[in-house]
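Residue numbering for the sequence shown follows numbering that gives the first Met the number 0, beginning at 0 and increasing consecutively. Everything below concerns the one structure shown next.
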Amino acid sequence: MDDDAHKFIRELETRHGGKLSWRTYATWYATTKGVAREFGVFLYKVGDSFFFEDFERQPALFGISLRSRKSRRSFVKYEGSFACSGVESVRTVCRSDALKMIRQPNRPVKDASWFDKAFRQVVEMVLLKDGTAHFFEVMDRKEFRRRMINGSV
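Pasting the structure below:
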């Protein structure tokens, strides 16, 4: 890790009053609270809670910043958290079903089949005891599920 990354981690630990025990990056994020982030969120665990936040993404090609002729909407940072004990279940669902559930929060969603997992984009749905659902597209789904289900790990 470079110095900027170490500094960022130290700032998070100071802000939340504990060490980061786990961290990952979700390449796509959404919630039934009506928020979706196409470029994902940084997800981490401190103590008995999971935290996540997004970052402004500057369009670039091979490391060269690109400027758009269109006026862009100003970036509004999104942060959230939930307690490990608040997780009711973790399921793998199709990303298209997650998008439908964002528009209609009480809409039932089925688990992704083996066909869906092989040929469609899937996300992990974290259902909280309060009824809120968070959707994370992560690289290592098994590790993600293990951390969410066994929050103390």
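For each residue, glycine too, the CB sits at the ideal point set by N, CA and C.
With fewer than 16 other beta carbons inside 10 angstroms of its own, Asp110 counts as exposed.
Phe41 has Tyr24 and Glu52 as its beta-bridge partners, per DSSP. Counting the other Cβ atoms within 10 Å of the Cβ of Met138 gives fewer than 16, which makes it exposed.
Scanning the stretch 99–147 from its first residue to its last, the whole beta strand (DSSP E) runs of 3-plus residues come out as 121–127 and 132–136. The three-state reading of DSSP puts Ser73 in coil, since its state is none of H, G, I, E or B. In the three-state reduction of the DSSP assignment, Gly85 falls in the helix class, which pools H, G and I.
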